[in-house]
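The structure appears below as structure tokens.
Residue numbers (my numbering): 269 to 465.
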């Protein structure tokens with residue numbers, strides 16, 4: 269049973285809550301703004317309330333699978349491996365959802381949910397880095413990139429087990445890969461601020 273938990277985590281992570289929120293509001297968020305299904309684009313198109321709802325739901329996609337995995341594998345020798353694998357797969361599900369032809373979001377909110385369970389102190393530091401970066405630069409993408417880049421370091425500094433540090437590194441790498449278009453626009457001076465569509 270436990271070997272299927274990462275697969276289940278992927279399927280949960282792949283639920284496109286941003287798209288669902290948009291549909292309930294009468295629009296397809298993929299056709300406006302950045303075209304992304306994440307909370308930032310929902311906020312751009314539908315306002316902060318809908319954006320916040322999407323953010324919370326996307327966070328839960330990361331938090332709940334590993335929380336349940338930790339309960340189901342408690343006391344087992346491979347518990348840490350399965351729990352961290354569930355976290356990675358939940359984020360991968362958001363980024364590459366089976367239900368949408370593997371075209372998903374950037375994974376930041378789902379990663380937030382994963383590490384709210386695995387390392388709340390590291391998340392607190394990263395939220396601070398994210399907020400300062402967004403305020404100073406005006407770009408959510410810059411905040412996401414910097415917060416994720418430093419995240420494995422915070423995990424290591426806080427004395428987290430190697431499995432969690434490695435999970436942080438893998439997820440940070442995935443986030444950077446999903447932001448390759450944003451990085452290109454930033455280098456060209458064409459990236460849009462979070463308030464603009």
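Virtual Cβ for every residue (Gly too), placed ideally from N, Cα, C.
In this text the structure is predicted, and so the values were computed from the model without any measurement.
Residue j beta carbon less than 9 Å from that of residue i
i           : j           : result
residue 488 : residue 439 : Not covered by the structure: residue 488. The range shown for the chain is 269 to 465.
residue 409 : residue 379 : no
residue 274 : residue 390 : no
residue 238 : residue 367 : Past the edges of the chain, shown from 269 to 465, lies residue 238, and the structure says nothing about it.
Local Cβ density within 10 Å of residue i, reported as buried at 16 or more and exposed below that
i           : result
residue 356 : buried
residue 296 : exposed
residue 326 : buried
residue 455 : exposed
residue 465 : Per-residue confidence for residue 465 stands at a pLDDT of 41, beneath the threshold of 50, marking its modelled position as unreliable; the derived number appears in the next sentence. Residue 465 should be labelled exposed.
residue 361 : buried
residue 398 : buried
residue 294 : exposed
residue 341 : buried
Residue i - containing alpha helix (DSSP H), residue span
i           : result
residue 342 : Taken as a continuous stretch (DSSP letters only), residue 342 belongs to no alpha helix (DSSP H), as it is neither H nor E.
residue 409 : 408–425
residue 456 : 448–456
Give a yes or no on contact between the region 290–310 and the region 319–339, applying the rule of three or more CB pairs nearer than 8 Å. By the criterion of at least three beta-carbon pairs nearer than 8 Å, the region 290–310 is in contact with the region 319–339.
Sufficient close CB pairs (3 or more, under 8 Å) joining the region 441–458 to the region 362–375: The region 441–458 makes contact with the region 362–375: 3 or more CB pairs, one atom from each, lie closer than 8 Å.
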